[in-house]
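Numbering (the working numbering), first residue to last: 105 to 310. Each residue gets a CB set at the ideal place from its N, CA and C atoms; glycine is no exception. If you're wondering where the values come from, they're calculated on a predicted model, not measured in any experiment. Heads up, the thing below is written out as C-alpha cells.
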Amino acid sequence: MSWVARGRCPHRAVSDVPTLALTFDDGPDRRTTPRLLDILAGAGARATFFVMADRAAASPELMARMTDEGHAVGLHCLEHVRHRDRDVAWVRSDTARALDALAALGLRPRLWRTPWGDRAPWTAALADEHRLALVGWTVDTHDWRGDSADAMFAATRAGLRAGAIVLAHDGIGPGARRDDAEQTLGFTGRVIDHAERHGLRLGALE
Ligand SMILES: [Zn+2]
C-alpha cells in the first residue's frame, strides 16, 4: 500500500496534514450511502469504500457520486465469503467477476479488503495477479453488532489518530446484527468533530 500518514509540519502542504482514513465496507446501500456522502461532503472529508460488486452495479449513480466527490473505491468482493472457506480458483473467479462488474462502471480499484479481512495462504498472490494492494484496518468499530454511535466512538476514540484506518460498514452484510447503518452515520459525525478538534484530515486511501 503506497498510502502513508505523514507527521506534523509547521508549513505543511495538504498531503502533509496528519491523516485519518475512514473506510466503509459492504455497500453501497441505497438508504445509507447517500446520507453518508452528504455528511462527508459537508465536512470536506474523503473516505474509502470497499464495495460489493453486485451492489455497486445496482447503484451506478452512487458509484459515480463517490468518485466525483473524491472518495476512493476499493474492491470488497462479489460474494461475501471467507477466502479460507474456498479454494483459490473459486476466489480468483469471484475476484475477476467483481472487477469486471466494476470496470463496466468505469472503476479500476487498486485496493482490496477481503470479506472479514480473511486471508488464505494464496490471497496475497491473488492480489498481485490483479495488481491490488490488500488493506486491513487499525480500528474496528464493530458497527455490524448494532452498537450505538456514542458507544462506538467511546470504544475507538484512543485509536482515532494520524495513520489510523477505521473499519465501518455503510451496507448490511452477512452476519450483521442490525437492520440499518444509522449508527454508523452518527459515528461518522463524531469522528468528523474529533478530526476537526485534533487537526486531522479525513482522507481517502491511495
Ligand atoms: Zn464485508
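Review point. Once you ignore the five residues that flank Asp314 on each side, which residues in its own chain have a CB closer than 6 Å to its CB?
Key: In the structure as shown, the chain begins at 105 and stops at 310. Residue 314 is therefore absent and cannot be evaluated.
Review point. Would you say Ala176 and Thr152 are within 8 Å of each other, going by their C-beta atoms?
Key: The residue given as residue 176 occupies position 72 in the sequence shown. The residue given as residue 152 occupies position 48 in the sequence shown. In this structure, Ala176 places its C-beta atom within 8 Å of the C-beta atom of Thr152.
Review point. Taking only runs of the alpha helix (DSSP H) that begin and end inside the region 176 to 258, which ones reach a length of at least 4 residues, in chain order?
Key: DSSP runs (the alpha helix (DSSP H)) wholly in the region 176 to 258: 192 to 207, 227 to 233.
Practice item. Please indicate yes or no: does the CB of Trp226 lie closer than 7 Å to some heavy atom of ligand 1? Key: Reading the sequence shown from its first residue, position 122 is the one you call residue 226. Every heavy atom of ligand 1 is 7 Å or more from the Cβ of Trp226, so no.
Practice item. For Ser197, count neighbouring C-beta atoms within 10 Å of its own C-beta (all shown protein chains included) and say buried if the count is 16 or more, exposed if not. Key: Indexing the sequence shown from 1 puts residue 197 at position 93. In this structure Ser197 is exposed. Its beta-carbon is surrounded by fewer than 16 other beta-carbon atoms within 10 angstroms.
Practice item. Would you please state the rounded distance, in angstroms, between the beta carbons of Gly275 and Asp158? I believe it to be under 8 Å. Key: Along the sequence shown, one-based indexing puts residue 275 at 171. Along the sequence shown, one-based indexing puts residue 158 at 54. Cβ atoms of Gly275 and Asp158 stay farther apart than 8 Å, at about 11 Å.
Check your understanding: Does at least one heavy atom of ligand 1 sit under 7 Å from the Cβ of Trp220?
Key -> In the sequence shown, the residue the question calls residue 220 occupies position 116. The answer is yes for Trp220.
Exercise for review: Pull up the distance between the alpha-carbon of Arg249 and that of Ala258, whole angstroms please.
Suggested key: Here the question's residue 249 lines up with position 145 in the sequence shown. Here the question's residue 258 lines up with position 154 in the sequence shown. One Cα belongs to Arg249, the other to Ala258, and the distance between them is close to 15 Å.
Review point. Within the present structure, is the beta-carbon of Asp158 separated from the nearest heavy atom of ligand 1 by less than 7 Å?
Key: As a working mapping, residue 158 is identified with position 54 in the sequence shown. No - ligand 1 has no heavy atom lying nearer than 7 Å to the Cβ of Asp158.
Review point. Is it the case that the Cβ atoms of Thr227 and Ile269 are separated by a distance below 8 Å?
Key: Sequence index remark: in the sequence shown, residue 227 carries index 123 (1-based). Sequence index remark: in the sequence shown, residue 269 carries index 165 (1-based). In this structure, Ile269 does not lie closer than 8 Å to Thr227 by Cβ.
Review point. For Gly178, does the count of other Cβ atoms within 10 angstroms reach 16, so buried, or fall short, so exposed?
Key: Walking along the sequence shown from the start, residue 178 turns up at place 74. By the neighbour-count definition (other C-beta atoms within 10 Å, threshold 16), Gly178 is a buried residue.
Review point. Whose CA, out of Asp189, Ala160, Pro225, Arg186, lies closest to the CA of Leu203?
Key: Walking along the sequence shown from the start, residue 203 turns up at place 99. Check the Cα spacing between Leu203 and each of Asp189, Ala160, Pro225, Arg186: the tightest is with Ala160.
Exercise for review: Specify the secondary structure class of Ala299 as computed by DSSP and reduced to three states.
Suggested key: The count along the sequence shown starts at 1 and reaches residue 299 at position 195. Correct three-state label for Ala299: helix.
Exercise for review: Specify the secondary structure class of Ile143 as computed by DSSP and reduced to three states.
Suggested key: Within the sequence shown, numbered from 1, the residue matching residue 143 stands at position 39. In the structure shown, Ile143 sits in a helix (DSSP, three-state: H, G or I).
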